[in-house]
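Q:
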Amino acid sequence: AQSVTQLGSHVSVSEGALVLLRCNYSSSVPPYLFWYVQYPNQGLQLLLKYTSAATLVKGINGFEAEFKKSETSFHLTKPSAHMSDAAEYFCAVSDQTGANNLFFGTGTRLTVIP
Amino acid sequence: SAVISQKPSRDICQRGTSLTIQCQVDSQVTMMFWYRQQPGQSLTLIATANQGSEATYESGFVIDKFPISRPNLTFSTLTVSNMSPEDSSIYLCSVEGLGETQYFGPGTRLLVL
């Protein structure tokens, strides 16, 4: 079975500082991994995804994530936080049989301090 | 990626009533999904809706409470029946797009009084 753990339900960073949102997964088979962002009062937007190609994945808005099999991690990073990055971020995993088997983490709320 | 719209975007309902949420996609898709996001929580899959067949419900969700229709490849509805305050949530539909990825609609924010 697949599952995702997001460490830290709330993360605060200063504007211009590094953003690091943690995600660890559990999967009995090679996973597909996703990061979604949810801005206030909006739906989910795909940031990036890992589907067994390059382990370093670049997404929209300057975000990237690295798949580390040995650590079962898929942490999300951005070198310099912007005020517009304030949102809820969800990590999700599927088992490569299709996007229908998608399991979400509990989310991390990112606050950017001016 | 697909463009997905939902109606209504938000609603306030009285307990005991029902609300039907519509999800429209701008392209034909095989699989559509309905999720619930309770306040301050993550997403929970309610059911998978395939055109021409009964929806497949996840554990803890039943058809009598959440009937789903999927009349064609671009449209689905989710009804929240006999609502109680515990049904206050965001309801999101999503579709399976290219590259084994789900794309989400903007959500319907439901408050039950």
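Going down the list, the protein sequences come from chains A and B.
Going left to right, the first sequence walks through residues 198 to 311 as this note's numbering numbers them.
Going left to right, the second sequence walks through residues 1035 to 1147 as this note's numbering numbers them.
All residues carry an ideal CB built from backbone N, CA and C; glycine is no exception.
#1: In angstroms with no decimal places, state the Cα-to-Cα distance between L215/A and A1081/B.
#2: Taking the beta strand (DSSP E) that D1045/B falls in, what are its first and last residues?
#3: What do you get for E285/A, buried or exposed, if any count of 16 or more other CB atoms within 10 angstroms of its CB means buried?
#4: Could you tell me the alpha carbon to alpha carbon distance between Q203/A and T305/A, rounded to whole angstroms?
#5: Could you tell me if H279/A is buried or exposed, where buried requires 16 or more neighbouring beta carbons within 10 angstroms of its beta carbon?
#6: Alpha carbons only, please: which of A1083/B, S1118/B and S1035/B is nearest the one belonging to G1050/B?
#7: Would you say the beta carbon of S1076/B is closer than 8 Å to some non-hydrogen atom of the ligand FAD?
#8: Run through DSSP, which three-state label would K1099/B get?
#9: Around the Cβ of Q235/A, are there at least 16 other Cβ atoms within 10 angstroms (buried) or fewer (exposed)?
#10: Of the residues F1138/B, Y1069/B, F1100/B and Q1075/B, which one's Cα is nearest the Cα of V1063/B?
#11: Tell me, please, whether the CB atom of G1086/B is closer than 9 Å to any CB atom in chain A?
#12: Measuring alpha carbon to alpha carbon, tell me which residue in V1096/B, C1127/B and S1093/B is nearest Q239/A.
#13: Could you tell me whether the region 1133-1147 of chain B touches the region 1108-1124 of chain B, where touching means 3 or more Cβ pairs closer than 8 Å?
#14: Since K246/A meets chain B, which of its residues come closer than 9 Å, beta carbon to beta carbon?
#15: Measure how close the beta-carbons of L244/A and V290/A come, nearest whole angstrom, since I'm counting them as under 8 Å.
#16: Verify the CB distance criterion: does G256/A have a CB-CB separation below 9 Å to chain B?
A: Concretely, from the data shown:
#1: Residue 215/A sits at position 18 when you count from the first residue of the first sequence. Residue 1081/B sits at position 47 when you count from the first residue of the second sequence. In this structure, the alpha-carbon of L215/A lies about 38 Å from that of A1081/B.
#2: As a working mapping, residue 1045/B is identified with position 11 in the second sequence. It spans R1044 to C1047 - the beta strand (DSSP E) in which D1045/B sits, taken as one unbroken run.
#3: Numbered from its first residue, the first sequence carries residue 285/A at position 88. Classification for E285/A: buried.
#4: Along the first sequence, one-based indexing puts residue 203/A at 6. Along the first sequence, one-based indexing puts residue 305/A at 108. One alpha carbon belongs to Q203/A, the other to T305/A, and they sit about 7 Å apart.
#5: By 1-based counting over the first sequence, the position of residue 279/A is 82. Note on H279/A: under 16 other CB atoms within 10 angstroms of its CB, so exposed under the neighbour-count rule.
#6: Residue 1050/B sits at position 16 when you count from the first residue of the second sequence. Taking each of A1083/B, S1118/B and S1035/B in turn and checking the Cα distance to G1050/B, the smallest one comes out for S1118/B.
#7: As for the ligand FAD, it is missing from this structure, which has no ligand bound.
#8: Within the second sequence, numbered from 1, the residue matching residue 1099/B stands at position 65. Under the three-state reduction of DSSP, K1099/B is assigned to coil, being neither helix nor strand.
#9: Position 38 of the first sequence, counting from 1, holds the residue named residue 235/A. Taking every protein chain shown into account, the CB of Q235/A has 16 or more other CB atoms within 10 angstroms, so this residue is buried.
#10: On the second sequence, position 29 is the one that residue 1063/B refers to. Just measuring C-alpha positions, the residue of F1138/B, Y1069/B, F1100/B and Q1075/B sitting nearest V1063/B is F1138/B.
#11: Numbered from 1 along the second sequence, position 52 holds the residue referred to as residue 1086/B. With 9 Å as the cut-off, G1086/B does not count as an interface residue toward chain A.
#12: If you number the first sequence from 1, residue 239/A lands on position 42. Comparing Cα positions, the closest option is C1127/B.
#13: Counting Cβ pairs under 8 Å, three or more are found: they touch.
#14: On the first sequence, residue 246/A is found 49 positions in, with the first residue counted as 1. The contacting residues are G1133, E1134 and T1135.
#15: In the first sequence, the residue the question calls residue 244/A occupies position 47. In the first sequence, the residue the question calls residue 290/A occupies position 93. Actually they are not in contact, since the Cβ atoms of L244/A and V290/A sit about 14 Å apart, beyond 8 Å.
#16: In the first sequence, residue 256/A corresponds to position 59, counting from 1. By this cut-off, G256/A is not an interface position.
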